[in-house]
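Take a look at the structure below.
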Amino acid sequence: MVDVSYYCPRCGAVAELDRDARLADKSVTPFPLEGWSYASASDDYEADEWDGVKLVCGEGDASWSHPPDTERDDAPGCGEPFFLNFVRFEDGEEVSGSPESEHVRLAEGMGPGGPRGPSGPGFSR
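In case it helps, the working numbering puts the sequence shown at residues 237 to 361.
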């Protein structure tokens, strides 16, 4: 087992996990990767079923500290999630990973807004 440190990509707080040295880190991202499955720091994230760890900055089973070269008395962390991604292979090739798609639902029944255009004598609609 080794202690490995990860920086929050938003605020720089440092998480330290005690984990198996055989795991290969790919990246730390503020978003999950498409197709990756994530455990929490309190789960058995070293099991083969997980592709990474979801950390909530300043919370959970990781040890947290402020970024280096800062002197603060408050608790470290911004409370936002970030993701530790392990190297993953499919058919013997390393998978690169991309951000998960976000689906947006538009309000129904609302047309485009904007100016109505000129009106009055001499203008026809």
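Using N, Cα and C, we set each Cβ at its ideal position, and we do this for glycine too.
Worksheet item: Leaving out five residues before and five after E282 in sequence, what residues of the same chain have Cβ atoms less than 8 Å from its Cβ?
Response: In the sequence shown, the residue the question calls residue 282 occupies position 46. Same-chain partners within the cutoff: R255, D256, L259.
Fill in: CA nearest to the CA of P245, picked from R308, D327, P268, E330
Counted from its first residue, the sequence shown places residue 245 at position 9. When R308, D327, P268, E330 are compared, the shortest CA-CA separation from P245 is found for P268.
Worksheet item: Who are the near neighbours of E295 in its chain, counting only those whose CB is closer than 8 Å to its CB and skipping five residues on each side?
Response: On the sequence shown, position 59 is the one that residue 295 refers to. Excluding residues within five positions, the ones whose Cβ falls inside 8 Å are G313, G315.
Fill in: Residues bridged to P317 [DSSP beta-bridge criterion]
Taking the first residue of the sequence shown as position 1, residue 317 is located at position 81. V292, per the DSSP bridge assignment.
Worksheet item: What residues match up with D261 in a beta bridge as DSSP calls it?
Response: By 1-based counting over the sequence shown, the position of residue 261 is 25. Note: D261 sits in a beta bridge opposite F322.
Worksheet item: Are the beta-carbon atoms of V250 and S301 separated by less than 8 Å?
Response: On the sequence shown, residue 250 is found 14 positions in, with the first residue counted as 1. On the sequence shown, residue 301 is found 65 positions in, with the first residue counted as 1. Against a cut-off of 8 Å, the Cβ pair of S301 and V250 comes out as a contact.
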